[in-house]
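Reviewing the structure listed below.
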Amino acid sequence: MSTTSTTLTLDTSTSRANPTPAPMKRLTVPRIRQRKGGEPLVMLTAYTVRMAQIMDPHCDMLLVGDSLGQVIYGLPHTVAVTMEMMCAHGAAVVRGSYHAAVIVDMPFGSYEASPEQAFTNASRLLKETGAAAVKLEGGKVLAPTVEFLTSRGIPVMAHVGLTPQAVNILGGYGVRGKSDVEARSIVADAKAMADAGAFSIVIEGVMEPIAIEITKTVACPTIGIGASAQCDGQVLVAEDMLGLFERTPKFVKRYGAMSKVVADAVKDYAADVRARTFPTEDNLYRADEEK
Ligand code: KIV
5 MSTTSTTLTL DTSTSRANPT PAPMKRLTVP RIRQRKGGEP LVMLTAYTVR MAQIMDPHCD
65 MLLVGDSLGQ VIYGLPHTVA VTMEMMCAHG AAVVRGSYHA AVIVDMPFGS YEASPEQAFT
125 NASRLLKETG AAAVKLEGGK VLAPTVEFLT SRGIPVMAHV GLTPQAVNIL GGYGVRGKSD
185 VEARSIVADA KAMADAGAFS IVIEGVMEPI AIEITKTVAC PTIGIGASAQ CDGQVLVAED
245 MLGLFERTPK FVKRYGAMSK VVADAVKDYA ADVRARTFPT EDNLYRADEE K
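First residue of the sequence shown: 5, per the working numbering; consecutive thereafter.
Quick look at the structure:
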């Protein structure tokens, strides 16, 4: 049997995937913009089709973050993430979602050199994934690039404050904006991005008053992570809030215990295999059964 959705056709007799049968309308960039000051926007990271399918009904936006470098590929930071990784995971998340707007991160080195370089890579990301928009890190220096992209049909979500792609300059992932000078610079970065046409701004890892000031000042919605509940929305790395890792950073609230759930299930499976108690009669094919 074949099921058609807004984004894909799946053969449900052979696929493990579980498509939503009824076509749904995705949230668009203009509708996200209109949520400024309204109902808070819900965003989580997603990197794979199945996680996208599970999270999609509950989220306004799914972010294919370059944090996939650490979460999926075990890299030490996001600097080594490639366009190929972002294209492959972005396309998977679009295939697995029907309702949320999908935003794909531009990886380090794919947009900083010039507005033209950014356009080449951002357009490739949108073409190859079907995502609604790209996200890029940076402030004032990248405002001309954001203007170049948005005036040529590429919606941009900006990312200010703690910008993980700059880890080699920053020397780590510490909170930003403790000094007045740095705080003013982060606020100026956000204003420059909003003025350049960013439809939304992620504010990561800053002292709360900075996030509040930016949210009050810019016309587009702000999305906080380690920032403030007063932002127009929130984002977390899904695996952090699901409890896949041992460490829970201060800015994360755990809503699950995924590593324990997986470890317990694998332990039970291993015990069954070793005791020959799996597979059972129920799991075996018989000639007299249809399937
Ligand atoms: O890469 C990512 O997951 C992000 C979010 C944490 C905002 O940029």
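Just so you know, even glycine gets a beta-carbon here, dropped at the ideal spot from N, CA and C.
Under 8 Å between the Cβ atoms of Val160 and Val138?
For Val160 and Val138, yes; Cβs fall inside 8 Å.
Given a threshold of 16 other Cβ atoms within 10 Å of its Cβ, counted over all protein chains shown, does Thr8 qualify as buried or as exposed?
With a pLDDT of only 39 at Thr8, under the threshold of 50, the placement of this residue in the model should not be trusted; the figure read from the coordinates follows. Thr8 is exposed by the Cβ-count criterion.
May I ask you to check if the CB of Leu67 is nearer than 7 Å to at least one heavy atom of the ligand KIV?
Leu67 Cβ: within cutoff of the ligand KIV.
What residue does the alpha helix (DSSP H) around Gln38 start on, and which one ends it?
Here Gln38 belongs to no alpha helix (DSSP H), and DSSP marks it neither H nor E.
Can you look up Gly94 in the DSSP assignment and give me helix, strand or coil?
Reduced to three states, the DSSP call for Gly94 is helix.
Can you check DSSP and say which residues form a bridge with His81?
DSSP output for His81 lists no bridge partner at all.
Please give me, in chain order, every unbroken run of the alpha helix (DSSP H) with length at least 4 that falls completely inside the segment 156-190.
Within the segment 156-190, the complete alpha helix (DSSP H) runs of at least 4 residues are 171-174.
Measuring straight from C-alpha to C-alpha, what distance separates Asn287 and Val277?
So the two alpha carbons sit approximately 13 Å from each other.
Mark Arg290 as exposed unless 16 or more other C-beta atoms lie within 10 angstroms of its C-beta, in which case mark it buried.
Arg290 should be labelled exposed.
Of all the options Arg99, Ala92, Ala84, Gly100, which has the alpha carbon lying nearest to the alpha carbon of Gly113?
Among Arg99, Ala92, Ala84, Gly100, the Cα nearest to that of Gly113 is on Ala84.
With a threshold of 16 other CB atoms inside 10 Å of the CB of Phe313, please say whether the residue is buried or exposed.
Because residue 313 is not part of the residues shown, which for the chain are 5 to 295, the question remains open.
Answer yes if the segment 100-107 comes into contact with the segment 49-65, meaning at least three C-beta pairs across the two stretches below 8 Å, and no otherwise.
The answer is yes - the segment 100-107 touches the segment 49-65, with three or more Cβ pairs under 8 Å.
Can you list, in chain order, the residues of its chain with a C-beta nearer than 6 Å to that of Glu243? Leave out the 5 residues immediately preceding and following it.
The answer, listed in chain order, is Val75.
Measuring CA to CA, which of Glu250, Val239, Ile205 is closest to Lys40?
That would be Ile205, whose Cα lies nearest to the Cα of Lys40.
Out of curiosity, what's the CA-to-CA distance linking Leu66 and Cys224?
Rounded to the nearest angstrom, the two C-alpha atoms are 18 Å apart.
Less than 8 Å separating the beta-carbons of Ile299 and Leu45?
Residue coverage of the chain in this structure runs from 5 to 295, which leaves residue 299 outside it and unanswerable.
Output the boundary residues of the alpha helix (DSSP H) element that contains Leu31.
No alpha helix (DSSP H) holds Leu31; DSSP gives it neither H nor E.
State the start and end residues of the unbroken alpha helix (DSSP H) segment that holds Ser127.
Unbroken alpha helix (DSSP H) run through Ser127: 119-133.
Under 7 Å from any heavy atom of the ligand KIV, does the C-beta of Thr133 make it?
Result no, Cβ not under 7 Å from the ligand KIV.
So who's on the other strand from Asp193, going by DSSP bridges?
Partner(s): none; Asp193 has no beta bridge.
Residues in its own chain within less than 7 Å of Ala196 by CB, not counting five upstream and five downstream?
Hits under 7 Å: Gly143, Lys144, Ala147.
Taking all protein chains shown into account, do 16 or more other C-beta atoms lie within 10 angstroms of the C-beta of Thr49, making it buried, or fewer, making it exposed?
So Thr49 counts as buried.
Could you check the C-alpha separation between Leu248 and Thr219 for me, to the nearest Å?
Their Cα atoms are separated by approximately 31 Å.
Use the C-beta contact count for Asp60: other C-beta atoms within 10 angstroms, 16 or more gives buried, fewer gives exposed.
Burial call: buried.
Measure the C-alpha to C-alpha separation of Val222 and Lys271 and round it to an integer number of angstroms.
C-alpha separation (whole angstroms): 51 Å.
What distance in whole Å lies between the Cβ atoms of Thr82 and Ser71, which are believed to be in contact at a cut-off of 8 Å?
Indeed they touch by this definition, with Cβ atoms about 7 Å apart.
Apart from the five residues on each side of it in sequence, which residues of its chain come closer than 6 Å, Cβ to Cβ, to Glu212?
Cβ neighbours of Glu212 beyond the five flanking positions: Ser232.
Please list, in chain order, all residues of the same chain as Glu141 whose beta carbon is under 6 Å from its beta carbon, the five residues on each side excluded.
For Glu141, where only same-chain residues beyond five positions count, the Cβ hits under 6 Å are His163, Thr167, Gln169.
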